[in-house]
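**Student:**
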Amino acid sequence: MLRFRTGVLGAIDISAWVIALGCASAVRFSIAGRIPNWGALAVLALIAGAIQVFLSLFVVKGLGRFRIGSVDEAESLVLSWAATAVPVVGINYLLLDRPVPTSALITALPMVLMFMFGIRFAWRRIADRYRRPDQDDNKFRVVVFGAGEGGEQIVRSMLRDPDSAYVPVALLDDSASKARREIM
Numbered sequence: 007m008l009r010f011r012t013g014v015l016g017a018i019d020i021s022a023w024v025i026a027l028g029c030a031s032a033v034r035f036s037i038a039g040r041i042p043n044w045g046a047l048a049v050l051a052l053i054a055g056a057i058q059v060f061l062s063l064f065v066v067k068g069l070g071r072f073r074i075g076s077v078d079e080a081e082s083l084v085l086s087w088a089a090t091a092v093p094v095v096g097i098n099y100l101l102l103d104r105p106v107p108t109s110a111l112i113t114a115l116p117m118v119l120m121f122m123f124g125i126r127f128a129w130r131r132i133a134d135r136y137r138r139p140d141q142d143d144n145k146f147r148v149v150v151f152g153a154g155e156g157g158e159q160i161v162r163s164m165l166r167d168p169d170s171a172y173v174p175v176a177l178l179d180d181s182a183s184k185a186r187r188e189i190m
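Residue numbers (this note's numbering): 7 to 190.
(1) Per the contact definition of three or more C-beta pairs closer than 8 angstroms, is the region 123–135 in contact with the region 144–158?
(2) Given a threshold of 16 other Cβ atoms within 10 Å of its Cβ, counted over all protein chains shown, does S183 qualify as buried or as exposed?
(3) Go ahead and pull the three-state DSSP assignment for P174.
(4) How many Å lie between Q159 and A171 at the Cα?
(5) Judging by CA-CA distance, which residue of L115, V77, L85 is the nearest neighbour of V94?
(6) Could you give the distance in angstroms between the alpha-carbon of I41 and the alpha-carbon of I20?
(7) Can you check DSSP and say which residues form a bridge with F121?
(8) Note the first and the last residue of the continuous beta strand (DSSP E) segment covering F64.
(9) Alpha carbon to alpha carbon, how far is R131 from V59? Give it in angstroms, no decimals.
(10) Would you report the Cα separation of R166 and L27, rounded to the nearest angstrom?
(11) Looking only at C-alpha atoms, which of A89, N98, R11, G55 sits nearest to G75?
(12) DSSP three-state label for F72, please.
Pasting the structure below:
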């Protein structure tokens with residue numbers, strides 16, 4: 007899956023634009039009792055997706071470079087989404103029949119970002135759970151001393167290695183501010 011990660015993420019981003027613009031327009035037009043121009047809407051959505059992927063690959067340079075669901079990836083995603091939203095709004099108003107009404111566009115833009123974030127978050131959660139070692143009898147249950155940055159790195163490294171002989175079960179720290187803290 008890692009070999010195809012950039013392509014899959016690009017397809018997800020294009021799909022986000024298609025789904026969000028299509029759903030927002032369908033709802034808006036159904037309220038008005040009209041039928042959207044699906045052809046023009048599809049063209050706009052595909053142009054938006056292509057702009058998103060192009061900017062993510064060549065301008066922001068974030069698509070497929072960062073760990074899925076990381077802060078770095080989220081930052082590059084927001085930058086490429088914002089840079090895509092501006093030309094999409096402009097293209098929508100340049101088209102003669104304006105395939106996406108303004109109210110639907112206002113609804114669709116945050117939907118696109120939420121869809122892209124949601125898929126990436128789910129991907130990260132599934133990958134983290136898949137890598138987690140089994141808690142069978144052959145594993146050593148360990149208590150990690152320190153619930154700060156170092157302790158967090160140790161816990162994460164143990165839980166991301168399916169072959170790890172150690173499974174962290176608790177954290178101990180002398181700081182009261184770190185009480186009841188959970189890591190993974």
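Even for Gly, the Cβ is constructed at its ideal location relative to N, Cα and C.
**Tutor:** Reading it off the structure:
(1) no
(2) Looking up residue 183 in the sequence shown gives position 177. S183 is exposed by the Cβ-count criterion.
(3) Stepping through the sequence shown from its first residue, residue 174 is reached at position 168. Correct three-state label for P174: strand.
(4) Along the sequence shown, read from residue 1 onward, the residue named residue 159 stands at position 153. Along the sequence shown, read from residue 1 onward, the residue named residue 171 stands at position 165. The alpha-carbon atoms of Q159 and A171 are separated by roughly 16 angstroms.
(5) Counted from its first residue, the sequence shown places residue 94 at position 88. Closest by alpha carbon: L115.
(6) Position 35 of the sequence shown holds residue 41. Position 14 of the sequence shown holds residue 20. Answer to the nearest angstrom: the Cα atoms are 23 angstroms apart.
(7) In the sequence shown, counting from the first residue as 1, residue 121 sits at position 115. Per DSSP, none; premise fails for F121.
(8) By one-based count along the sequence shown, residue 64 stands at place 58. No beta strand (DSSP E) contains F64, which DSSP labels as neither H nor E.
(9) As a position in the sequence shown, residue 59 is number 53, starting the count at 1. As a position in the sequence shown, residue 131 is number 125, starting the count at 1. Rounded to whole angstroms, V59 to R131 spans 23 angstroms at the Cα level.
(10) One-based indexing of the sequence shown puts residue 166 at position 160. One-based indexing of the sequence shown puts residue 27 at position 21. If I take the Cα positions, the gap works out to 37 angstroms.
(11) For this step, residue 75 is matched to residue 69 along the sequence shown. If we check each option's Cα against that of G75, R11 comes out closest.
(12) On the sequence shown, residue 72 is found 66 positions in, with the first residue counted as 1. In this structure, F72 counts as coil in the three-state DSSP scheme.
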